[in-house]
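Comments concern the structure below.
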Amino acid sequence: MSGYATNIIQILINAKSATFQLNDSMNYDILSENSFDDFWSLLLHKGYLTVDWNATCALDDSSIRYNNICAKLPNLEIRDYLIKLFQSKFGSEFIKHNLHNKLVDALSCGNQKEIYDIFFDMLQKYVSVRDTATKAPLENYYHGFLNGIFTCCENLITDYHSNYESGNGYPDITFKAERNTKAVIIEIKVEPTGSDIANLSETALSQIEGKNYAEPFMGNRMIQSIYAYVIAFAGKNCAVSVKKLK
72 MSGYATNIIQ ILINAKSATF QLNDSMNYDI LSENSFDDFW SLLLHKGYLT VDWNATCALD
132 DSSIRYNNIC AKLPNLEIRD YLIKLFQSKF GSEFIKHNLH NKLVDALSCG NQKEIYDIFF
192 DMLQKYVSVR DTATKAPLEN YYHGFLNGIF TCCENLITDY HSNYESGNGY PDITFKAERN
252 TKAVIIEIKV EPTGSDIANL SETALSQIEG KNYAEPFMGN RMIQSIYAYV IAFAGKNCAV
312 SVKKLK
């Protein structure tokens, strides 16, 4: 499953509408050769998705010209199935090596090396160059990749949000851990393979502070510490920068 597909599934699980290019002339015999947009079109035609007409009507002219449509899950049963699909992608690997506990522990205390090691190993195992050859923005691909990983940590974290309004912007990922005493903010950056992502991840930390992403957590007396992270990706490589904000 590509990161693009993972991102779409996460959007649907979050009870939001996903946008894709509708294909009204699909041939089931060649579905495996087509794009994931065709897969979503199939789910729509079979009733596993339903059109969100309000969101579709709000699309701009260029999206409508390309036959884009917004769709959402019709019921909780299908949502539960997608959650299980998400967990099966990463779950066995995480459970086998106790990575879910290690990752949340590392993010909760600013252990930069441990975080890098976990993400780097996962990139080598699950990401290929072909996966990133998608029309969708690459940031969406890696965002979906991280959402898939954090789905396996649902028993260890609370208030998980993806692209949720916080401060003066929309951080990519935020959540609480350790009985709501720790807060984590993650910003995702993506560059072409071979780029200086170490420098990028360092300089991008200023975005988190500049847009006050930590503001909702600062006034919470239960939260003892807040860690801000920038995770920069380039192909199958990554860089992690961290700053303790509280």
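Okay, so the sequence shown: first residue is 72 according to our numbering, each after it adds one. Positions of the beta carbon are idealized from the N, C-alpha and C atoms, including for glycine.
**Endpoints, the beta strand (DSSP E) within which Glu258 is located** = Residue numbering aside, residue 258 sits at position 187 when the sequence shown is read from its first letter. Run containing Glu258: Lys253 to Val261, per the beta strand (DSSP E) assignment.
**Asked** Tell me which same chain residues have a C-beta within less than 7 angstroms of the C-beta of Asn218, skipping the five on either side of it?
**Response** Translated into the one-based positions of the sequence shown, residue 218 becomes position 147. Correct list, in chain order: Thr77, Asn78, Gln81 and Ser233.
**Asked** Would you say Tyr213 and Phe304 are within 8 angstroms of each other, going by their C-beta atoms?
**Response** For the purposes of this step, residue 213 is taken as the residue at position 142 of the sequence shown. For the purposes of this step, residue 304 is taken as the residue at position 233 of the sequence shown. Yes.
**Asked** Around the C-beta of Trp124, are 16 or more other C-beta atoms found within 10 angstroms, so that it is buried, or is it exposed?
**Response** In the sequence shown, counting from the first residue as 1, residue 124 sits at position 53. When all chains shown are included, Trp124 counts as exposed.
**Simplified DSSP assignment, three categories, for Tyr197** = The count along the sequence shown starts at 1 and reaches residue 197 at position 126. Note: Tyr197 maps to helix in three-state DSSP.
**Item:** Residue nearest to Gly181 in terms of C-alpha spacing, selected from Val255, Asn251 and Leu227
**Value:** Here residue 181 refers to the residue found at position 110 when the sequence shown is read from its first residue. It is Val255 whose Cα lies nearest to the Cα of Gly181.
**Item:** Reduced DSSP secondary structure (H/G/I, E/B, other) of Gly219
**Value:** Here residue 219 corresponds to residue number 148 of the sequence shown, with the count starting at 1. Three-state result, Gly219: helix.
**Item:** Which listed residue (Pro145, Leu178 and Leu316) has its alpha carbon closest to that of Leu227
**Value:** Numbered from 1 along the sequence shown, position 156 holds the residue referred to as residue 227. Selected option, being the one with the closest Cα: Leu178.
**Item:** Close-in-space but distant-in-sequence residues of the same chain around Lys317 (CB under 6 angstroms, 5 per side omitted)
**Value:** Residue numbering aside, residue 317 sits at position 246 when the sequence shown is read from its first letter. Counting only Cβ-Cβ distances below 6 angstroms, and skipping sequence neighbours, we find Ser296 and Ile297.
**Message:** Rounded to whole angstroms, what is the Cα-Cα separation between Ala204 and Gly306?
**Reply:** Within the sequence shown, the letter at position 133 stands for residue 204. Within the sequence shown, the letter at position 235 stands for residue 306. Low confidence applies to Ala204: its pLDDT is 47, below 50, so where it sits in the model is not reliable enough to give any reading.
**Request:** With a threshold of 16 other CB atoms inside 10 Å of the CB of Glu286, please say whether the residue is buried or exposed.
**Result:** The residue you call residue 286 lines up with position 215 of the sequence shown. Label assigned to Glu286: exposed.
**Prompt:** Taking the runs of the alpha helix (DSSP H) that are 4 residues or longer, which of them lie wholly in the stretch 234 to 304?
**Reply:** 268 to 274, 276 to 281 and 286 to 289
**Request:** Check whether the Cβ atoms of Ile154 and Ile220 sit closer than 8 angstroms, and answer yes or no.
**Result:** The residue labelled residue 154 in the question sits at position 83 within the sequence shown. The residue labelled residue 220 in the question sits at position 149 within the sequence shown. In this structure, Ile220 does not lie closer than 8 angstroms to Ile154 by Cβ.
**Prompt:** Where does Asp202 fall in DSSP's three states?
**Reply:** Along the sequence shown, one-based indexing puts residue 202 at 131. Low confidence applies to Asp202: its pLDDT is 48, below 50, so where it sits in the model is not reliable, and the reading given next is rough at best. Of the three classes helix, strand and coil, the one that applies to Asp202 here is coil, per DSSP.
**Asked** Tell me which same chain residues have a C-beta within less than 8 angstroms of the C-beta of Arg201, skipping the five on either side of it?
**Response** Residue mapping note: residue 201 aligns to position 130 of the sequence shown, counting from 1. Any reading at Arg201 must be qualified, since the residue scores a pLDDT of 46, below 50, and its modelled position is unreliable; the value itself is stated next. Excluding sequence neighbours, Arg201 sits near nothing in its chain.
**Asked** Which partner residues of Phe91 appear in the DSSP bridge assignment?
**Response** What you label residue 91 is simply residue 20 of the sequence shown in a count that begins at 1. DSSP, once it has assigned bridges, lists Ile140 as partnering Phe91.
**Prompt:** How would you label Asp192, buried or exposed, when you count the other beta carbons within 10 angstroms and need 16 or more for buried?
**Reply:** In the sequence shown, counting from the first residue as 1, residue 192 sits at position 121. Looking at its Cβ environment, which holds fewer than 16 other Cβ atoms inside 10 Å, Asp192 is exposed.
**For Asn172, the three-state DSSP class (helix, strand or coil)** = Translated into positions along the sequence shown, residue 172 becomes position 101. Residue state, collapsed to three classes: helix.
**Prompt:** Out of curiosity, what's the CA-to-CA distance linking Phe246 and Lys314?
**Reply:** Translated into positions along the sequence shown, residue 246 becomes position 175. Translated into positions along the sequence shown, residue 314 becomes position 243. The straight-line gap from Cα to Cα measures roughly 16 angstroms.
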